[in-house]
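Protein chains in written order, with my numbering: chain A, 1 to 225; chain B, 226 to 450.
Number of protein chains: 2
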Amino acid sequence: MKYDQFKSNFAYKGKSVYATVFERHNDSIKTKKQKFAVNNLEKIFKATFKISSKIGFHEMSLRDLCRETGLSMGGIYSCIESKDIIAIFVKDLVQLVFSEIIESALEQDDPQQALDDLIRHCMYSTDILHPWFYFLYFETRSLPKGHQQDSKNIELNMIEKIEVLISKISPSKKAINHRYIATMTLAMIQERYLKHWKYKSDDTNIDEHADEIIKLVHSAISYNS
Amino acid sequence: MKYDQFKSNFAYKGKSVYATVFERHNDSIKTKKQKFAVNNLEKIFKATFKISSKIGFHEMSLRDLCRETGLSMGGIYSCIESKDIIAIFVKDLVQLVFSEIIESALEQDDPQQALDDLIRHCMYSTDILHPWFYFLYFETRSLPKGHQQDSKNIELNMIEKIEVLISKISPSKKAINHRYIATMTLAMIQERYLKHWKYKSDDTNIDEHADEIIKLVHSAISYNS
DNA sequence: GTCTATATTCGGATAGAC
DNA sequence: GTCTATCCGAATATAGAC
């Protein structure tokens, strides 16, 4: 399944992301009407990602956020109970998306196909939800203490799943350590969304990029000497 | 040249890093006696790295810095003219170290050996100066606008040099794009110092880790199909 | 060269009108 | 549900004593 097809089936694109956030956290959101809340959440997240990507989450003041969203302080606080909770909502959504990607890729029996799908779907979802994944990576330190380990576990869990698949593909020990290949696979996937500025003007599209990563992983798995 | 030998020849370890900072920036440092300045710079940088790695540079207040260094506000400001300049000094040192690593590795004629050395020396120097490189990666956004591009250029320059070496090793076009392999090589090097928390309790030492990266790069260069 | 004390600005958060 | 006005603590930076 290539990018276009993946995207058309993807549950978290457009407005539906904010609806998901609202449904998962409506206990802490003062505004109870979904229509109002989703509309403001969209403004708040888009503005947060825009400003934070330039200067960082902590340096972004709520007055910056008012200016960018067009909302007032009161309007902001009707959707979020504190500044911190914006980052927590992001972590929660990223966690949800990755867990669904993993679950879906592991449904099939062929480990080779499962690995390729996992790599592809990670790349596609981190592209569609780029600001969310980018934010979480760079702002994990801004999360309240209890949530920071969650963020690291999202990554460790993904590496573990990749490692298991590699070991199924190549049961005998090869030249390059499997855990190590798994770690590097994720690092290569992250490279694209973390260094977005490198790829904006690039002619390599995301399908080709995924192909290159998959080839590189295959070459590492089968490497001898 | 393995880690221990590299480290014993390395110019920027221990106190000499702070002496380098002082020499390169003494025009903006009020304290003119090297002995005093170097001593305080050491305290300031160590404290900055410790606090920033946990909560981020912007969230670190100068009062935090006073507490951690044992210096007063006046003592801090005798060595740095503003908070921002701490980050600028870091960028400057990282730039210096990488440019010397590149220059030294490219002195030899064999491109295969030069590439292996470049990878190894990047890994070793980013390990020895871990807090400096880690800080620059995560705090590039905290740099004053004019300095942010410098930071990105350090990375782009390294990738370019790696790409040239790969193309010398493998002049004919192979299955995986050379620019792409170069980009991934740097991403793999960075993986270790960016996710330090993964490797603290790991039994893989840095020489073995460098070996694995070099094997993986070789496998990518020679991959067919 | 280093300290304490202070000026001044700006942050997150809230109360109450509409 | 959204706005304006305001509280209060904390931030960077400086002035002047020692």
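For each residue, glycine too, the CB sits at the ideal point set by N, CA and C.
Provide the residue span of the alpha helix (DSSP H) that contains K215/A, from first to last.
-> Here residue 215/A corresponds to residue number 215 of the first sequence, with the count starting at 1. Note, K215/A: alpha helix (DSSP H), 206-222.
Within 8 Å, strictly: CB atoms of T31/A and S72/A | The residue given as residue 31/A occupies position 31 in the first sequence. The residue given as residue 72/A occupies position 72 in the first sequence. Contact check for T31/A against S72/A fails: the beta carbons are separated by 8 Å or more.
Are any of the Cβ atoms in chain B nearer than 8 Å to that of R120/A?
-> In the first sequence, counting from the first residue as 1, residue 120/A sits at position 120. R120/A is outside the set of residues whose beta carbon lies under 8 Å from a beta carbon in chain B.
Please go through the same chain and pick out, in chain order, the residues whose beta-carbon is closer than 7 Å to the beta-carbon of N291/B, but skip the five residues on each side of it.
-> Here residue 291/B is taken as the residue at index 66 of the second sequence, counted from 1. For the record, residue 291/B in the displayed sequence is Cys; it is not Asn. Here the set comprises S297, M298, I301.
Along the region 268-300 of chain B, what residues have a CB closer than 9 Å to any CB found in chain A?
-> S277, S278, K279, I280, G281, F282, H283, E284
Do the region 140-156 of chain A and the region 28-47 of chain A meet, that is, are 3 or more Cβ pairs less than 8 Å apart?
-> no
Under 8 Å by beta carbon: chain B residues contacting F138/A | As a first step, residue 138/A must be located in the first sequence, where it is residue number 138. Here the neighbours are F363, R366.
Within the same chain, show all residues whose beta-carbon is closer than 6 Å to that of F231/B, passing over the 5 residues directly before and after it, in chain order.
-> One-based indexing of the second sequence puts residue 231/B at position 6. Cβ neighbours of F231/B beyond the five flanking positions: Y349.
Of the choices I394/B, K399/B, L266/B, V246/B, whose alpha-carbon is the least far from that of Q338/B?
-> As a working note, residue 338/B is residue 113 in the second sequence. Minimum Cα distance to Q338/B is reached at I394/B.
For E100/A, three-class secondary structure by DSSP = Numbered from 1 along the first sequence, position 100 holds the residue referred to as residue 100/A. E100/A: helix per DSSP, three-state reduction.
Report the three-state DSSP secondary structure of L109/A (helix, strand or coil).
-> Translated into the one-based positions of the first sequence, residue 109/A becomes position 109. The sequence as given places Asp at residue 109/A; Leu does not occur at that position. Residue state, collapsed to three classes: coil.
In three-state terms, what does DSSP make of H178/A?
-> The residue you call residue 178/A lines up with position 178 of the first sequence. If DSSP states are grouped into helix, strand and coil, H178/A belongs with the helices.
Going along the region 395-406 of chain B in order, which residues come within less than 7 Å of chain A, judged by CB to CB distance?
-> A400, I401, N402, Y405
Would you report the Cα separation of I189/A and R24/A, rounded to the nearest angstrom?
-> One-based indexing of the first sequence puts residue 189/A at position 189. One-based indexing of the first sequence puts residue 24/A at position 24. Roughly 28 Å between the two C-alpha positions.
Could you tell me whether the region 182-197 of chain A touches the region 134-146 of chain A, where touching means 3 or more Cβ pairs closer than 8 Å?
-> yes
Through-space distance from K279/B to D92/A, alpha-carbon basis = Position 92 of the first sequence holds residue 92/A. Position 54 of the second sequence holds residue 279/B. Going by the C-alpha atoms only, they are around 21 Å apart.
Residue-chain proximity (M383/B, chain A), Cβ-Cβ < 8 Å = Here the question's residue 383/B lines up with position 158 in the second sequence. Between M383/B and chain A, the shortest Cβ-Cβ separation is not below 8 Å.
Nearest-angstrom Cα separation, counted from E433/B out to R345/B = By 1-based counting over the second sequence, the position of residue 345/B is 120. By 1-based counting over the second sequence, the position of residue 433/B is 208. So the alpha carbons of these two residues sit roughly 10 Å apart.
Is F270/B closer than 8 Å to Y243/B when the C-beta atoms are compared?
-> Taking the first residue of the second sequence as 1, we reach residue 243/B at position 18. Taking the first residue of the second sequence as 1, we reach residue 270/B at position 45. Cβ distance < 8 Å, so Y243/B and F270/B count as in contact.
Kindly indicate which three-state DSSP category Y302/B falls into: helix, strand or coil?
-> Here residue 302/B refers to the residue found at position 77 of the second sequence. Reduced to three states, the DSSP call for Y302/B is helix.
Assumed close pair N224/A, K161/A - CB separation to whole angstroms, cut-off 8 Å | Position 224 of the first sequence holds residue 224/A. Position 161 of the first sequence holds residue 161/A. The pair is not a contact, with the Cβ atoms about 25 Å apart (cut-off 8 Å).
Apart from the five residues just before and just after V322/B, which ones in its own chain have a Cβ nearer than 7 Å to its Cβ?
-> Within the second sequence, numbered from 1, the residue matching residue 322/B stands at position 97. Contacts found: Y237, S350, L354.
The region 330-361 of chain B: which residues have C-beta closer than 8 Å to a C-beta of chain A, in chain order?
-> none
Per-residue contacts from Y448/B into chain A (C-beta, under 7 Å) | Position 223 of the second sequence holds residue 448/B. Chain A residues near Y448/B: K215, S219.
Reference A407/B; option with closest CA among D436/B, H443/B, S397/B = Numbered from 1 along the second sequence, position 182 holds the residue referred to as residue 407/B. Measuring from the Cα of A407/B, the nearest candidate turns out to be H443/B.
Excluding the 5 residues preceding and the 5 following G70/A in the sequence, name in chain order all residues of the same chain whose CB lies nearer than 6 Å to its CB.
-> As a working mapping, residue 70/A is identified with position 70 in the first sequence. Excluding positions up to five away in sequence, the list is empty.
State buried or exposed for K268/B, treating a residue as buried only when at least 16 other CB atoms are found within 10 Å of its CB.
-> To locate residue 268/B, count along the second sequence from 1; it is residue 43. In the assembly as shown, K268/B is a buried residue. Its beta-carbon has 16 or more other beta-carbons within 10 Å.
Who are the near neighbours of F247/B in its chain, counting only those whose CB is closer than 8 Å to its CB and skipping five residues on each side?
-> Residue numbering aside, residue 247/B sits at position 22 when the second sequence is read from its first letter. Cβ within range, chain order: I254, Q259, A262, V263, L266.
Find out if the Cβ-Cβ distance for the pair F237/A, A87/A is shorter than 8 Å.
-> Outside the shown range of chain A, which is 1 to 225, sits residue 237/A, and nothing can be said about it.
Could you pull the start and end residues of the alpha helix (DSSP H) that Y3/A belongs to?
-> Your numbering for residue 3/A matches position 3 in the first sequence. Here the alpha helix (DSSP H) through Y3/A covers 3-9.
Cβ shell of D116/A (< 6 Å), same chain only, five flanking positions each side left out = Here the question's residue 116/A lines up with position 116 in the first sequence. So the qualifying residues of the chain are I214.
Does the distance from the C-beta atom of I384/B to that of A445/B stay below 8 Å?
-> Numbered from 1 along the second sequence, position 159 holds the residue referred to as residue 384/B. Numbered from 1 along the second sequence, position 220 holds the residue referred to as residue 445/B. No; because the gap between Cβ atoms is not below 8 Å, this pair is not in contact.
Where R335/B falls, given that 16 or more other Cβ within 10 Å makes a residue buried = As a first step, residue 335/B must be located in the second sequence, where it is residue number 110. Correcting the residue type first, residue 335/B is Asp in the shown sequence and not Arg. Exposed, by the Cβ-count rule.
Contact check, D84/A vs P144/A, beta carbons under 8 Å | Within the first sequence, numbered from 1, the residue matching residue 84/A stands at position 84. Within the first sequence, numbered from 1, the residue matching residue 144/A stands at position 144. Contact flag set, yes.
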